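In the working numbering, the protein residues as written are 27 to 418.
Each residue gets a CB set at the ideal place from its N, CA and C atoms; glycine is no exception.
For clarity, every value in this text was computed on a predicted model and none was experimentally measured.
Everything below concerns the one structure shown next.
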């Protein structure tokens with residue numbers, strides 16, 4: 027029996043690699059003779075650099091950059107891939123062939139490393155002032171290193187600034203109706219009247235950019251960056267409305283420059299950074315989960331397996347919208363292999379779920395205790411799953 031284990035991180039408790047190891051231990055407890063193939067996953071959010079770098083044999087580099095909040099400085103890691111050749115499957119789409127096949131230096135950047143929600147204490151979350159400037163500084167690091175391709179993992183952000191901070195680091199200026207430069211953060215988006223690109227770093231035009239997105243959200247509207255993700259970043263209902271208006275204003279101005287990002291799937295990723303990278307860097311948006319799956323050679327590993335286990339901390343309605351477990355499940359189903367999502371919390375009704383899911387928490391338990399014992403719960407829960415009648 028061969029089991030492929032390809033989970034994403036269990037946010038706040040286990041990295042994807044740690045979750046995969048715990049699940050593998052559970053499989054071997056229940057089925058000692060099983061052959062286990064571990065493939066940690068990511069979807070453009072936290073953990074993307076770690077997963078891709080480990081496969082590609084990349085060099086991990088660090089840079090001091092501006093954090094998401096005013097006056098904050100963080101040390102962010104990014105991956106330098108000398109050849110840029112880290113995709114494995116021959117079935118990838120056109121963008122993926124272009125992304126992975128060229129023998130050119132490539133940078134893999136996680137915006138969450140510089141502008142992520144995990145960098146901000148819960149009580150300090152404020153998307154009205156949070157900025158992606160540090161993500162732009164990471165892009166400059168990549169350009170200084172001679173990278174001809176830059177892949178930006180767009181997920182896990184603390185920001186809703188439409189990528190204006192990132193663009194400002196690259197030399198763009200955002201001006202109000204009086205020609206004054208607007209301050210960083212989401213609050214000022216409503217006042218942007220003009221975009222000045224005269225100071226843009228000329229290397230941007232010579233570089234190929236990709237957005238590895240973990241969601242397919244448009245920039246604005248009911249499914250947009252502000253309304254769906256603004257509250258978890260600390261926005262009040264009034265601020266959510268203001269941020270959505272601001273993103274709409276920014277999108278309108280970008281549209282006047284000939285680039286339509288308002289309804290573009292993935293433009294709302296990372297608080298609108300996806301759309302910003304398209305508008306200001308000419309980026310192509312690709313599925314973050316697919317990019318990582320190609321990097322780890324997941325389709326080939328799933329072929330011929332008897333069971334695929336994927337997972338994440340919370341399996342909910344957002345999982346199907348570009349998250350890693352949904353993409354892993356799609357690969358498994360295409361190969362005709364049974365797949366189960368292993369999760370710490372299952373918030374999707376069994377009748378509504380397109381993917382079978384199993385909660386590793388056996389009974390009532392506080393979130394704090396569940397996260398503290400996440401490794402043990404995943405291991406023992408996976409063992410219980412493998413012993414269920416009719417699973418195999």
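Asked                                                                                                          : Found
Residue range of the unbroken alpha helix (DSSP H) whose run includes residue 139                              : 137 to 141
Residue 48 versus residue 84: straight-line alpha-carbon distance, rounded                                     : 25 Å
Simplified DSSP assignment, three categories, for residue 311                                                  : strand
Contact the region 225 to 236 vs the region 168 to 184: 3+ CB pairs below 8 Å                                  : yes
The region 325 to 340 in contact with the region 288 to 299 per 3-pair CB rule at 8 Å                          : no
Opening and closing residue of the beta strand (DSSP E) in which residue 341 lies                              : 333 to 341
Best match in 97, 203, 38 for proximity to residue 398 [C-alpha to C-alpha]                                    : 38
The ligand FMN heavy atom lying under 6 Å from the CB of residue 324                                           : Inclusion of the ligand FMN in the displayed structure is not the case, the ligand content being empty and no account of it being possible.
Assigned secondary structure, residue 175 (DSSP; H/G/I helix, E/B strand, else coil)                           : strand
Pair within 7 Å by beta-carbon distance, residue 287 and residue 277                                           : yes
DSSP-derived helix/strand/coil call for residue 240                                                            : coil
Reference residue 192; option with closest CA among 266, 157, 381                                              : 157
Endpoints, alpha helix (DSSP H) assigned at residue 402                                                        : 400 to 412
Selected residue, minimal CA-CA separation from residue 105, among 96, 98, 133                                 : 133
Contact belief for residue 370 with residue 387 at Cβ below 8 Å, rounded distance in angstroms                 : 6 Å
Completely contained beta strand (DSSP E) runs for the region 213 to 264, where each covers 3 or more residues : 220 to 222, 234 to 239
Selected residue, minimal CA-CA separation from residue 32, among 395, 318, 195                                : 318
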